[in-house]
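There are 2 protein chains.
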Amino acid sequence: MSGAGRDALHEHTLESEPVFEGALLKVWRDRVELPDGSRSVREYIRHPGAVVVVALEESGALVFERQFRYPLQRAFLELPAGKIDAGEDILACARRELREETGFAAAHWEYVGVMHPCIGYSDERIEVFFAHGLSQAARALDEGEFLEVLSLRVDEVEQAIRAGRITDAKTITAYYLALPRIQGCLQGR
Amino acid sequence: MSGAGRDALHEHTLESEPVFEGALLKVWRDRVELPDGSRSVREYIRHPGAVVVVALEESGALVFERQFRYPLQRAFLELPAGKIDAGEDILACARRELREETGFAAAHWEYVGVMHPCIGYSDERIEVFFAHGLSQAARALDEGEFLEVLSLRVDEVEQAIRAGRITDAKTITAYYLALPRIQGCLQGR
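Sequence lines, in order, name chains A and B.
For the first sequence, the working numbering gives the first residue as 1408, with consecutive numbering after it.
For the second sequence, the working numbering gives the first residue as 1408, with consecutive numbering after it.
Structural data, given as structure tokens:
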């Protein structure tokens, strides 16, 4: 892998302006200079970032949710996730989202890594955590948030991915990133 | 997994309007009725869909690209991918993108499945293809498109994912979705 690519591929910002400020989405439009000196326009979402949690229950199952995702007009099977509040620590965010959405607290937390879900038109990053040693706490959904909590064994997750019943890329990515840790926990029992 | 969730979670559209039409991004804002009868607003990108190609070379390596992704201000290691043109067949799109971006044609194509990269605020789907039996054809990048083509062995891909040098979720997801087919091809040699 060549390290020389970064400079040769760089796009230089000439001008940057917000062009849409919605309740949820903020769109920016930048004028840029391309590597060959020509000019172009880039439009993209600025996003505060998010976390996703791979939470292993004592039974050996993972905590999943079913949530209606409006842009696609259907419910998705996905891992617990949520946006990072302004100034919020990412681990604090992961603890908060797991508790609010599923009612679980976890004794053990491990940072797994980061993914970028939508590099073509969003600066969103999603920080992945692995949680185990779960206990029931109080669930506290955000206003206007509706979801079902369910448990899927590792073999059920694999089957659901292979069969196309799980298609959410953050869930598939987080699952495979965390799989060595899941297997380590399951083998240690 | 309960099938009853779909109706219980459904959000009913009251009104739908385009609120931003950029050169690249189209944002819609809908007023919706939530499952409890309360009302809310959903903003989301309408996207034409995309393809991503896991292409296996005769050497046993996978075809990768390094491309500058402006929203994140850096180059990413990723699999060849691109947007579906209006009315374009998804396999035709996969063939076109592989050839235009990397210069490879492939004798064998297999459909792997679909992923959704950004279910919170985009209706984008990404169709995953596995290609093998590669031969060199003519590369023909779109105007204003700059990228480097490189080859990564399967063990190098795994290492790069574990080390955080590959963080693009479509690439990680497509790799794991296609992995049984990659292994089948490599074992058949």
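All C-beta atoms in this analysis are idealised placements derived from N, C-alpha and C, irrespective of residue type, glycine included.
| Asked | Found |
| --- | --- |
| Distance between beta carbons of A:L1416 and B:R1473, contact taken as under 8 angstroms | 7 angstroms |
| Chain-ordered chain A contacts of B:Q1474 [CB-CB under 8 angstroms] | L1416 |
| First and last residue of the uninterrupted alpha helix (DSSP H) at A:R1502 | 1497-1509 |
| Inter-residue Cα distance where the pair is B:G1520 and B:L1593 | 20 angstroms |
| Contact check, A:I1589 vs B:T1580, beta carbons under 9 angstroms | no |
| CB contact check: A:E1555 to chain B, cutoff 9 angstroms | yes |
| Three-state secondary structure (DSSP) of B:E1485 | strand |
| Cβ neighbours of A:L1549 in the same chain (closer than 8 angstroms, five flanking residues each side left out) | It should be noted that the sequence gives Asp, not Leu, for residue 1549 of chain A. Cβ within range, chain order: E1507. |
| Interface partners of B:T1574 on chain A, CB under 7 angstroms | V1521, M1522, H1523 |
| Spatial distance of B:L1469 from B:E1552 (CA atoms) | 21 angstroms |
| Reference A:R1572; option with closest CA among B:M1522, B:R1572, B:G1571, B:D1530 | B:M1522 |
| Element boundaries [alpha helix (DSSP H), containing B:Q1590] | 1576-1594 |
| Stretch-stretch touch, CB-based, cutoff 8 angstroms, three pairs: the region 1508-1519 of chain B with the region 1441-1452 of chain B | no |
| is_contact[A:E1422, chain B] using C-beta, thresh 9 angstroms | no |
| N-terminal and C-terminal residue of the beta strand (DSSP E) that B:I1533 is part of | 1533-1543 |
| Separation of B:R1569 from B:A1598, as counted between CA atoms | Because residue 1598 of chain B is not part of the residues shown, which for chain B are 1408 to 1596, the question remains open. |
| Positions along the region 1418-1451 of chain B whose CB lies within less than 8 angstroms of some CB in chain A | E1418, V1426, F1427, G1429, A1430, L1431, L1432, V1434, R1436, D1437, V1439, L1441, P1442, D1443, S1445, S1447, V1448, R1449, E1450, Y1451 |
| Beta carbon proximity, A:R1453 to chain B, threshold 9 angstroms | yes |
| Contact with chain A by B:D1492, beta-carbon distance below 9 angstroms | no |
| Cβ neighbour criterion (16 or more within 10 Å) applied to A:T1574 | buried |
| Interface partners of B:T1580 on chain A, CB under 7 angstroms | A1576, I1579, T1580 |
| Partners in chain A for B:S1542, counting only beta-carbon separations shorter than 8 angstroms | Ordered by position in chain A, no residue passes the 8 angstroms Cβ test against B:S1542, which lies about 24 angstroms from the chain. |
| Neighbourhood of B:A1489 by C-beta distance below 8 angstroms, restricted to the same chain and skipping five residues each side | The residue asked about is misnamed: residue 1489 of chain B is Gly in this sequence, not Ala. The answer, listed in chain order, is A1457, V1458, C1500, R1503, E1504, E1507, E1508. |
| Buried/exposed call for A:P1478, threshold 16 Cβ in 10 Å | buried |
| C-alpha distance - A:S1466 paired with A:L1486, whole-angstrom precision | 17 angstroms |
| Contacting residues, own chain, Cβ-Cβ under 7 angstroms from B:Q1543 (five flanking each side not counted) | G1510, F1511 |
| Whole-number beta carbon distance between B:F1483 and A:I1452, since they are thought to touch under 8 angstroms | 16 angstroms between Cβ atoms; not a contact. |
| Beta-carbon proximity list for A:G1412, same chain, < 7 angstroms, skipping 5 on both sides | Confidence is the limiting factor: at A:G1412 the pLDDT is only 44, short of 50, which leaves the residue's position unreliable and the question unanswerable from this model. |
| Chain-ordered chain B contacts of A:F1365 [CB-CB under 8 angstroms] | No answer is possible for residue 1365 of chain A: the residues shown for chain A start at 1408 and end at 1596. |
| Residues sharing a beta bridge with B:S1445, DSSP | Note: B:S1445 sits in no beta bridge, so no partner. |
| Cβ-based burial, A:M1408 [other Cβ within 10 Å; buried from 16] | Its pLDDT being 42, under 50, A:M1408 is placed unreliably by the model, and the measurement read from it follows with that caveat. Answer is exposed; the Cβ neighbour count stays below 16. |
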